[in-house]
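Chemist: All the letters of the sequence shown, read from the start, carry residue numbers 2 to 125 under this note's numbering.
I have a structure here, written as C-alpha cells, and I will follow up with some questions on it.
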Amino acid sequence: MKFNLYYFIATIILFITEVLIATIFKDLFFVRAYLGDVLVTILIYTFVKSFFNINPGKLLIGVFIFSVFIEVLQYFNIADVLGLQRGSIAYIVVGNSFSWIDIICYGAGCLIAFAVERLRNSTN
C-alpha cells in the first residue's frame with residue numbers, strides 16, 4: 002500500500018464533478034445519464050490507485066466487472082430489496098434502474114482511463 006497524491010487529487014476532482022452532476026446539472030439529461038456513468042468508473046479507478054500500486058489493465062478490468070455487477074444488482078432492484086429510502090444517498094449510490102447503456106458508459110470510462118494511463122506512461 003502506497004499513497005499516490007496524483008491519483009488522490011484526481012479522485013477529489015472527479016468526486017466533486019460527480020456531486021455537481023447529481024445536484025447542479027441533474028436536469029441536463031446527457032450529462033446526468035451518460036457522462037456521470039463514464040466518470041464513475043474513472044473515479045473508482047483513481048480512488049483505488051490513490052492507495053494501491055496495481056497494474057492499470059488488471060485494475061480497469063476489475064473496475065468494469067464491479068460496475069457491471071452493481072448494474073446487474075439494479076436489475077433486481079437491490080436498493081428496494083435492501084430497504085433503502087428513495088432519495089437517500091445510499092439509494093442514489095446503489096442506483097435503481099438497470100440499463101445496457103450504463104454498461105457501455107462504464108466500458109467507455111475504463112477505456113478513457115486506460116488511454117490516459119498509456120499517454121501518461123509514454124511521456125514519463
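Ideal Cβ placement from N, Cα and C applies to all residues, glycine included.
#1: Grab me the residues of Met-2's own chain with a C-beta within less than 7 angstroms of its C-beta, minus the 5 sequence neighbours each way, in chain order.
#2: Hey, how far is the Cα of Gly-96 from the Cα of Arg-119?
#3: What do you get for Thr-124, buried or exposed, if any count of 16 or more other CB atoms within 10 angstroms of its CB means buried?
#4: Any idea if Ser-68 is buried or exposed, counting beta-carbon neighbours within 10 angstroms, 16 or more meaning buried?
#5: Could you pull out every residue in the same chain whose Cβ sits closer than 7 angstroms to the Cβ of Tyr-76, ignoring the five residues on either side in sequence?
#6: Taking the alpha-carbon positions, what's the Leu-21 to Leu-29 distance?
#7: As a quick exercise: from Leu-85, Gly-110, Ile-13, Arg-121, pick the residue whose alpha carbon is nearest that of Leu-36.
#8: Report all residues from its chain with a CB closer than 7 angstroms to the CB of Val-32; omit the five preceding and five following residues, and keep chain order.
#9: Grab the span of the alpha helix (DSSP H) containing Gly-110 for me, first residue to last.
Modeler: This is what the structure gives:
#1: Taking the sequence shown and counting its residues from 1, the one referred to as residue 2 is at position 1. Closer than 7 angstroms at Cβ, skipping near neighbours: Phe-52, Phe-53.
#2: Counted from its first residue, the sequence shown places residue 96 at position 95. Counted from its first residue, the sequence shown places residue 119 at position 118. Their Cα atoms are separated by approximately 31 angstroms.
#3: Against the sequence shown, residue 124 aligns to sequence position 123. That one is exposed.
#4: Residue 68 sits at position 67 when you count from the first residue of the sequence shown. Buried, by the Cβ-count rule.
#5: In the sequence shown, the residue the question calls residue 76 occupies position 75. Around Tyr-76: Phe-99.
#6: Looking up residue 21 in the sequence shown gives position 20. Looking up residue 29 in the sequence shown gives position 28. Rounded to the nearest angstrom, the two C-alpha atoms are 11 angstroms apart.
#7: As a working mapping, residue 36 is identified with position 35 in the sequence shown. It is Gly-110.
#8: Position 31 of the sequence shown, counted from the first residue, corresponds to residue 32. These residues qualify, in order along the chain: Ile-22, Phe-26.
#9: Mapped onto the sequence shown, residue 110 falls at position 109. Gly-110 -> alpha helix (DSSP H) spans 101–124.
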